[in-house]
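Colleague: So the protein lines, in turn, are chains A and B. For the first sequence, this note's numbering gives the first residue as 1297, with consecutive numbering after it. For the second sequence, this note's numbering gives the first residue as 3, with consecutive numbering after it. A virtual CB, placed ideally from N, CA and C, is assigned to each residue, including glycine. Note that this is a predicted model, so its numbers are computed, not measured.
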Amino acid sequence: MTALLSVQDLSIGFGTGDPVVNDVSFDVEAGQTLALVGESGSGKTISCRAALRILPRAAQIRSGSITLNDAKGRDVLTEISERQMRDIRGNRISMIFQEPMRSLSPLHKIGNQVSEVLWLHRGASEAQARKEVLTQFERVGFPDPARAYDSYPFELSGGMRQRAMIAMAMVSKPELLIADEPTTALDVTTQAQVLGLIKELQKETGMALILVTHDLGVVANMAEQVVVMHKGRVMEAGPAGLILNNPAHPYTRQLFDAAPEIPDKDAVGIPMPDEDLILEMKNVCKTYTMRSGKGWKADKKIFACRGVDLKLARGKTLAVVGESGSGKTTAARIALGAELPDPGSEVLFRATDTDEPTMVHSMSRDERTAFQRKAQMVFQDPYSSLSPRMRIQDAMTEPLEIHGIGTRSDQRDKAADMLKRVGLNADMLKRYPHAFSGGQRQRLSIARAMMLDPALIVCDEPTSALDVSVQEQILQLLEQLQASLNLSYFFISHDLAVVARIADEVAVMRQGLVVEQAPPETLFYNPRHPYTKALIAAQPEPDINRPIDLKLVALGAGSPDSWADAFRFSDSMIPSLIELEPGHKVRCHV
Amino acid sequence: MIMLRYAVYRFFTMLLTLLVVSVLIFVIINLPPGDYLSNQIAELQASGQSAGVAKAEFLRKEYALDRPMWQQYMIWMGFMPGPHGFSGLLQGNYGWSFEFDRPVSEIVGDTLWLTVVVNLAAILFVYAVALPLGVIAAARSRTWIDYTSAFVGYLGLATPNFLLALILFYYGHRYFNLPIGGLMDPAYEGLPMSWDKLKSILVHLIVPTFVIGTSGASAMMQRLRANMLDELGKPYVETAIAKGMAPSRMLTKYPLRVAFNPFVADIGNLLPSMVSGSVLVSVVLGLQTIGPTLLTALKTQDQFLSAFILMFVALLTLIGTMISDILLVMLDPRIRYEGRDA
């Protein structure tokens, strides 16, 4: 039997440079799932895009062949004309992309964009296509398909957009689906549900799947065959069970070692100490009002934070986890004084252990300047948080200039010193950000935050845009800086494995409420709240014998009304946070 | 429903802006010391012609130029009764031109709509040329098509318009027997509109449209090309290709729709820049548009004439921006649904 898609000795290069994909070969059998694993720059995306011939303009396929072999015939995809290729795209092979937020046109209705596939390949009429698309929408889990059909992408959440993308890829019943990091941009719970959906659809239609990912946990949950790529070459290939249980190639092993895991040992963590608090948030609330835009409808209130109490002791790390929209970033912004909380909220900050606490939101001008020196932030996206038009040196000395600290040469020395501290070279000061990789840029943002010798650093998902191995290095750097400078971190993340690694205390947030709070060991070994359980269950683990428990995820990640009686809350009635054991608080009715 | 409410709202803000603009225009025109009549009186006294002085003094009274400025404004606009009761812009009396010694409405008359016609033709030309060329230049960026269109575009931008006008007149007349100068055959001037007159106007429009439109078209083409290039790198374009769309359809349906926004937003800006930019061209080409008249009026401090023309140009601009705003709301759902809860 010949494979559905066969890639033979494929080499792809840009211009006259060395090939970025080098002699890559793999086969995908009908109905099977093949995972292409590797870090950014490994060539995994470009090799799978070659199958549809959607490559960047400067790239050319230098040698090798890609052959599609299905019920409709045998086509050598690297040789057929552009016109023939168009008949294959979206029809026999479809593709799902990484960023659901940007992969749909913002100006066209979802229904129009999905139906288009049927107009193109089936010559369907508008009404026929609509009927089929609505069925497909229902299948991928839209609660109201007709409404979704007439929605614009910006009216849907990320998970829903990715479902629309899946519907678009599936509606023509392709033989092969290529999914390029389909869930990387999504929350863990949404990721679990989307992966579950893809798997189910695959079982129903018998299509084959190429899954491009950097996450070994996703591989373990989805794939039958694995191809590990590194620097354009295949490092290791074989059945998933074999590779995941017993990686032969050192690079594969390296990937495994870098992937952080949620521990589940029987351990009781040490609660956050109660004295020498650098930051204390008391009953912090933040309500946004959304204008309904219609006179007869009342304005809608959105509770971004509801009675959040958090304490961060000096030299410790407090992590806040939750899905997007849970209020974790709002809490951090309030802690930094970047946002004004509702009246009655209190945020206290103590720069050193001998200082009196100051209220962050009622500071005088001088106090505020002093506070800003002591509290800094590291952002999520290292690509957009550094100005592309500023040299590293200018970006790093700018905070010192603003606060008028030191002479020009002092500032430069300090910048050079700081670069060394974060593991970069002082001679990189003259460069511009584009000359650095993602991991290096994140080191730069950390170095910039450190320039003012802060006591508190707010890290907003500092590793979620990075590869696993780079993520590991950044986490190590953060730990090392904390140990040597006694820094305190307010750490925001949606990745429990990262949090487990770095935090001293974890607060889980949902809809503006802290639903559970404990030291990581306690929280992960003995989670009590259904939402925490869902978060933990949704985390894909690189172990083929422990698949994601979708039922548990659905139970906890659904609306609070579906939770067990003890945990339910509504806008009018919210249970309080109860301390079950020392340092372990859960929001429930007793 | 949302659209209608927005259009009404937009219309009222336009009226309000127009009111503010009218104050500004009036103040600015009156900023230089003296006015047409006092200049004339001084001149006449110097040469000892007392009869003329009496007439000028009479006109000063007649047009309330002896009153304080705010009253002059109110009378001009028609908010306040003047020497002859309510008789201002609102009542349809555009005032008196001292330079030409005729009512403003008579001087401006035909040139008003000819200005509109010439500029509309130029704008249509700009869009008709810039749209396809910009898209093609972006889709085939860094090929000979791109480079050629950019080169021709820069030539268009850099060549002085009046020079281009003269060259076109010469060759147009020599090879295509196109008429030189004017907006219609002199034989039709003052005659009511007829089929032949229209034909004559259209033939006369060819060269002016081309001359006034080229620089605008090449600027807009470059802008559209840059916008398109930004959009072509977006993931949704890749999605459309992966669907199996043909390139031409894909380009027009997706990236062009997004790149089109700034294009539409430009309508408002295009109008005034063309009216003021075409003054020199109109003089050279002998077009009976409002530009040359405005120039004379400003030079001689003929205040009612210049104020009226400036008001007219402001009105055109405001209508242009209103149209582009309403079009944008129709084109872009993200603007339309702002404030609607998802």
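Closest to A/Gly1454 by C-alpha separation, out of A/Leu1608, A/Glu1395 and A/Asp1446, would be which residue?
Modeller: Taking the first sequence and counting its residues from 1, the one referred to as residue 1454 of chain A is at position 158. Answer by Cα proximity: A/Glu1395.
Colleague: Going straight from the alpha carbon of B/Gly94 to that of B/Asn271, what length do you get?
Modeller: Taking the second sequence and counting its residues from 1, the one referred to as residue 94 of chain B is at position 92. Taking the second sequence and counting its residues from 1, the one referred to as residue 271 of chain B is at position 269. Roughly 27 Å between the two C-alpha positions.
Colleague: Which residues of the region 1383 to 1404 of chain A have a Cβ closer than 8 Å to any Cβ of chain B? Give them in chain order.
Modeller: The region 1383 to 1404 of chain A vs chain B, Cβ under 8 Å: Asp1383, Ile1384, Arg1385, Gly1386, Asn1387, Ser1390, Met1391, Phe1393, Gln1394, Glu1395, Arg1398, Ser1399, Leu1400, Ser1401, Pro1402, Leu1403 and His1404.
Colleague: Can you tell me whether B/Leu272 sits near the ligand GDP, meaning its C-beta is under 8 Å from at least one heavy atom of the ligand?
Modeller: No copy of the ligand GDP occurs in the structure displayed, which carries no ligand at all.
Colleague: Got a sec: which bits of the region 226 to 243 of chain B sit with their beta carbon under 9 Å from any beta carbon on chain A, in order along the chain?
Modeller: Lys236, Pro237, Tyr238, Val239, Glu240, Thr241, Ala242 and Ile243
Colleague: Under three-state DSSP, which class holds A/Glu1875?
Modeller: Residue 1875 of chain A sits at position 579 when you count from the first residue of the first sequence. Strand, per DSSP.
Colleague: Can you tell me which of the three DSSP states B/Asp334 falls into?
Modeller: Counting from 1 along the second sequence, the entry for residue 334 of chain B is found at position 332. B/Asp334 falls in the coil class under three-state DSSP.
Colleague: Under 9 Å, Cβ to Cβ, is there at least one residue of chain B near A/Ile1362?
Modeller: Walking along the first sequence from the start, residue 1362 of chain A turns up at place 66. A/Ile1362 is outside the set of residues whose beta carbon lies under 9 Å from a beta carbon in chain B.
Colleague: Going by beta-carbon coordinates alone, are A/Phe1599 and A/Gly1623 separated by less than 9 Å?
Modeller: As a position in the first sequence, residue 1599 of chain A is number 303, starting the count at 1. As a position in the first sequence, residue 1623 of chain A is number 327, starting the count at 1. Yes, the pair counts as a contact, with Cβ atoms nearer than the cut-off.
Colleague: I want to know whether the region 156 to 164 of chain B touches the region 242 to 251 of chain B - three or more CB-CB distances under 8 Å.
Modeller: no
Colleague: I need the straight-line Cα distance from A/Pro1315 to A/Ile1506, nearest angstrom please.
Modeller: The sequence position of residue 1315 of chain A within the first sequence is 19, counting from 1. The sequence position of residue 1506 of chain A within the first sequence is 210, counting from 1. Spanning the two alpha carbons is a distance of roughly 22 Å.
Colleague: Below 8 Å on C-beta distance, what does B/Met5 contact in chain A?
Modeller: As a working mapping, residue 5 of chain B is identified with position 3 in the second sequence. Counting only Cβ-Cβ distances below 8 Å, B/Met5 has no contacts in chain A at all, with the closest Cβ about 14 Å away.
Colleague: Just to confirm my understanding: we take A/Glu1801, look at its own chain, exclude 5 residues before and 5 after, and list those with CB closer than 6 Å. What are they?
Modeller: Here residue 1801 of chain A is taken as the residue at index 505 of the first sequence, counted from 1. Cβ within range, chain order: Met1568, Leu1614 and Pro1815.
Colleague: Please look up how many angstroms separate the CB atoms of A/Leu1473 and A/Ile1392, rounded, as I've assumed it's under 8 Å.
Modeller: To locate residue 1473 of chain A, count along the first sequence from 1; it is residue 177. To locate residue 1392 of chain A, count along the first sequence from 1; it is residue 96. Contact between A/Leu1473 and A/Ile1392 holds: CB atoms are separated by about 7 Å, below the 8 Å threshold.
Colleague: So for B/Thr145, helix, strand or coil by DSSP?
Modeller: Counted from its first residue, the second sequence places residue 145 of chain B at position 143. B/Thr145: coil per DSSP, three-state reduction.
Colleague: Hey, would you say A/Gly1565 sits closer than 9 Å to A/Met1805, going by beta carbons?
Modeller: As a working mapping, residue 1565 of chain A is identified with position 269 in the first sequence. As a working mapping, residue 1805 of chain A is identified with position 509 in the first sequence. Not a contact, by the Cβ cut-off of 9 Å.
Colleague: For B/Ala261, which residues from the same chain have a beta carbon less than 7 Å from its beta carbon, with the 5 sequence-adjacent residues on both sides left out?
Modeller: Counting from one through the second sequence, the residue named residue 261 of chain B turns up at place 259. Excluding sequence neighbours, B/Ala261 sits near Leu226, Asn229, Met230 and Glu233.
Colleague: Check the Cβ-Cβ distances between B/Tyr253 and every residue of chain A, and say whether any is below 9 Å.
Modeller: Position 251 of the second sequence, counting from 1, holds the residue named residue 253 of chain B. For the record, residue 253 of chain B in the displayed sequence is Leu; it is not Tyr. No, because no Cβ of chain A sits closer than 9 Å to the Cβ of B/Leu253.
Colleague: So, with DSSP's three-state summary, where would you put B/Ser49?
Modeller: Locating residue 49 of chain B in the second sequence gives position 47, where the first residue counts as 1. Here B/Ser49 sits in helix by DSSP.
Colleague: DSSP three-state call for A/Asp1756: helix, strand or coil?
Modeller: Within the first sequence, numbered from 1, the residue matching residue 1756 of chain A stands at position 460. Three-state DSSP puts A/Asp1756 in a strand.
Colleague: Provide the residue(s) that pair with B/Trp98 in DSSP beta bridges, ordered along the chain.
Modeller: Start at 1 with the first residue of the second sequence, and residue 98 of chain B comes out as number 96. Partner(s): B/Pro105.
Colleague: When you compare the CB of B/Met16 with every CB in chain A, is at least one pair closer than 9 Å?
Modeller: Reading the second sequence from its first residue, position 14 is the one you call residue 16 of chain B. It does not; no Cβ of chain A falls within 9 Å.
Colleague: Return the residues of the region 137 to 156 of chain B that lie within a Cβ-Cβ distance of less than 8 Å from chain A, sorted by chain order.
Modeller: none
Colleague: Of all Cβ atoms in chain B, is any one closer than 9 Å to the Cβ of A/His1417?
Modeller: As a first step, residue 1417 of chain A is located in the first sequence; it is residue number 121 there, counting from the start. Yes, because at least one Cβ of chain B sits closer than 9 Å to the Cβ of A/His1417.
Colleague: If you draw a straight line from the C-alpha of A/Phe1785 to the C-alpha of A/Val1754, how long is it?
Modeller: For this step, residue 1785 of chain A is matched to residue 489 along the first sequence. For this step, residue 1754 of chain A is matched to residue 458 along the first sequence. Note that residue 1785 of chain A is Tyr in the sequence shown, not Phe. Rounded to whole angstroms, A/Tyr1785 and A/Val1754 show a C-alpha spacing of 6 Å.
Colleague: Have a look at A/Thr1312, A/Glu1471, A/Glu1812 and A/Leu1715 and flag the residue whose alpha-carbon is nearest the alpha-carbon of A/Gly1327.
Modeller: Position 31 of the first sequence, counted from the first residue, corresponds to residue 1327 of chain A. Taking only the C-alpha atoms, the option nearest A/Gly1327 is A/Glu1471.
Colleague: Just to confirm the assignment, what range does the alpha helix (DSSP H) spanning B/Gly288 have?
Modeller: In the second sequence, counting from the first residue as 1, residue 288 of chain B sits at position 286. Per DSSP, B/Gly288 belongs to no alpha helix (DSSP H) and is neither H nor E.
Colleague: Is the beta carbon of A/Ser1361 sitting closer than 9 Å to the one on A/Asp1305?
Modeller: If you number the first sequence from 1, residue 1361 of chain A lands on position 65. If you number the first sequence from 1, residue 1305 of chain A lands on position 9. Cβ distance < 9 Å, so A/Ser1361 and A/Asp1305 count as in contact.
Colleague: Any idea what DSSP makes of A/Ser1581, helix, strand or coil?
Modeller: As a first step, residue 1581 of chain A is located in the first sequence; it is residue number 285 there, counting from the start. Rather than Ser, the amino acid found at residue 1581 of chain A in this sequence is Cys. Three-state DSSP puts A/Cys1581 in a strand.
Colleague: Under three-state DSSP, which class holds A/Glu1477?
Modeller: The residue you call residue 1477 of chain A lines up with position 181 of the first sequence. Note: A/Glu1477 maps to coil in three-state DSSP.
Colleague: Going along the chain, which residues of the region 300 to 325 of chain B sit with their C-beta nearer than 8 Å to a C-beta in chain A?
Modeller: none
Colleague: If you draw a straight line from the alpha carbon of A/Met1503 to that of A/Asp1440, how long is it in whole angstroms?
Modeller: Here residue 1503 of chain A corresponds to residue number 207 of the first sequence, with the count starting at 1. Here residue 1440 of chain A corresponds to residue number 144 of the first sequence, with the count starting at 1. Straight-line Cα distance between these residues: approximately 26 Å.
Colleague: Quick one: does A/Gly1311 have its CB under 9 Å from some CB of chain B?
Modeller: Along the first sequence, one-based indexing puts residue 1311 of chain A at 15. Chain B contact via Cβ: absent.
Colleague: In angstroms with no decimal places, state the Cα-to-Cα distance between A/Cys1344 and A/Val1508.
Modeller: As a first step, residue 1344 of chain A is located in the first sequence; it is residue number 48 there, counting from the start. As a first step, residue 1508 of chain A is located in the first sequence; it is residue number 212 there, counting from the start. So the alpha carbons of these two residues sit roughly 8 Å apart.
Colleague: Taking the straight line between their C-alpha atoms, what separation do you get for A/Ile1832 and A/Gln1813?
Modeller: Walking along the first sequence from the start, residue 1832 of chain A turns up at place 536. Walking along the first sequence from the start, residue 1813 of chain A turns up at place 517. C-alpha separation (whole angstroms): 14 Å.
Colleague: What residue does the beta strand (DSSP E) around A/Gln1813 start on, and which one ends it?
Modeller: For the purposes of this step, residue 1813 of chain A is taken as residue 517 along the first sequence, with counting starting at 1. Looking at the DSSP string, the run of the beta strand (DSSP E) that includes A/Gln1813 is Leu1809 to Ala1814.
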